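Scroll down for the structure; my scribbles are underneath it.
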Amino acid sequence: MAAPAARPGSAGVNRLRDAAELIKLRIQAMALLVAVAALWLASRHNGAAFDAAVLPHLLAGFALVCSGAAALNQVLEADVDARMQRTRLRPIPAGRIARRTVLALSLTAAAAGVAWLAWRVNPLCAGLSLTMLAVYDFAYTPLKRITPLNTIVGAFPGAMPALVGWSAAGYGLDFVAGMLFAILFLWQIPHFIAIAWIHREDYRRAGFRMITLADAEGRASGRQAVSWALALVPASLLPSLAGAGPAYFCGALLLSLGFLAAALRFRLGSSLPRARSLLRVSLVYLPLLLLLLAADAAPAAAR
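Take the position in the sequence shown, starting the count at 1, then add 1; the result is the number in this note's numbering.
Structure (structure tokens):
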């Protein structure tokens, strides 16, 4: 067996880096941000004060579920991670931590997170979190090796944090929660396409079935990115029908048109710089849109 790949730095720092990689810390931070924004919006929409008492329980429980889902994904994909340049130094393929150890930790974290959400938040929130994990690890993950439609399937668990956060407010799900879910779902497709274009050779080595692999000139990928970004424009304006103010409407329109422009630029010439530009725009778009919505959402009494 090959010796574990060493990293520069102290053992403690390296362990923290490995932990951050296993739980996909940056992706998890975005999921938690979405969940908190949805909790705030659900409270405003239902005319209630923001329940600060439930926030730490939502964050703790959902972070555990997200950590478990991310680590379990790396257990399931350890063999393909070893073949890709961008993932071959992850803790499992690099041999720094045993696969069975991560499996045990991931299942423990996920179970603890679901149990905590059921106990301290509510059963709906726990059930939605478990559904997110199940679709991500047991539908999206294997489908990456089977069909390019995996991107659409993967957008479902990616949009679930909106429903998890909304349900934590205790009012159930309604059409506004559905609007948030739709916005996140539509946003993810151009975001994923940009990533898949940037790393298409890595994905080819891994045996993944991505739309970008059978699209040497990027025409189909560009069309897909534009189509989904175009659908996002009206979807992003829907919260205005549920009480979001004019500042949100104008801001959302500008942001969505900017996102569409980045997708159109990628469509007109699918190059690595333009794919990276689309990815950067997508990463800026979502936090700004959520911030606008949280700041300009009218409480129920004002509607």
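Glycine included, each C-beta is placed from N, C-alpha and C at the ideal position. Quick caveat: nothing in here was measured; it's all calculated off a predicted structure.
- Item | Three-state secondary structure (DSSP) of residue 53 | coil
- Message: Cutting at 8 Å between CB atoms, please list the residues of its own chain near residue 3, excluding the five before and the five after it.
- Response: Low local confidence applies: a pLDDT of 45 at residue 3 is under 50, so the model's placement there is unreliable, and no value is given.
- Query: Can you tell me the Cα-Cα spacing of residue 234 and residue 68, whole angstroms?
  - Reply: 32 Å
- Inter-residue spacing [alpha-carbon to alpha-carbon] between residue 89 and residue 209: 15 Å
- Message: Distance check for residue 31 and residue 288, CA to CA, integer angstroms please.
- Response: 8 Å
- Task: Would you give the residue range spanned by the alpha helix (DSSP H) that residue 260 belongs to?
- Result: 247 to 269
- Query: What is the rounded straight-line gap between the Cα of residue 139 and the Cα of residue 66?
  - Reply: 15 Å
- Measuring CA to CA, which of 74, 177, 116 is closest to residue 245? 177
- Query: Tell me the DSSP bridge mates of residue 298?
  - Reply: 245
- By Cβ distance below 7 Å, which residues in the same chain neighbour residue 276 in space, the five residues on each side in sequence not counted? 195, 198, 199, 267
- Message: What does the alpha-carbon distance come out to for the pair residue 181 and residue 188?
- Response: 11 Å
- Message: Here's the rule: buried if 16 or more other CB atoms are within 10 angstroms of the residue's CB, otherwise exposed. What is residue 152?
- Response: buried
- Express the C-alpha separation of residue 110 and residue 23 in angstroms, rounding to a whole number. 12 Å
- Task: Indicate whether residue 85 and residue 130 have their beta-carbon atoms separated by less than 9 Å.
- Result: no
- Message: Counting C-beta neighbours from all protein chains within 10 Å, is the total for residue 13 16 or more, i.e. buried, or is it exposed?
- Response: exposed
- Message: Here's the rule I'm using: 16 or more other beta-carbon atoms within 10 Å means buried, otherwise exposed. How should residue 45 be labelled?
- Response: buried
- Message: Three or more C-beta pairs under 8 Å: does that hold for the segment 211 to 228 against the segment 104 to 121?
- Response: no
- Task: For residue 196, name the three-state secondary structure that DSSP assigns.
- Result: helix
- Query: How would you label residue 257, buried or exposed, when you count the other beta carbons within 10 angstroms and need 16 or more for buried?
  - Reply: buried
- Query: Hey, how far is the Cα of residue 126 from the Cα of residue 164?
  - Reply: 8 Å
- Message: What does the Cβ neighbour count give for residue 1, buried or exposed, with the cut at 16 atoms within 10 Å?
- Response: Because the chain is modelled from 2 through 304, residue 1 falls outside the range shown and cannot be assessed.
- Taking all protein chains shown into account, decide if residue 213 is buried (16 or more other Cβ within 10 angstroms of its Cβ) or exposed. buried
- When 252, 21, 112, 39 are compared against residue 175, the one with the closest alpha-carbon: 39
- Message: For residue 261, tell me which candidate among 154, 236, 124 has the shortest Cα-Cα distance.
- Response: 236
- Query: Which of the three DSSP states, helix, strand or coil, is assigned to residue 29?
  - Reply: helix
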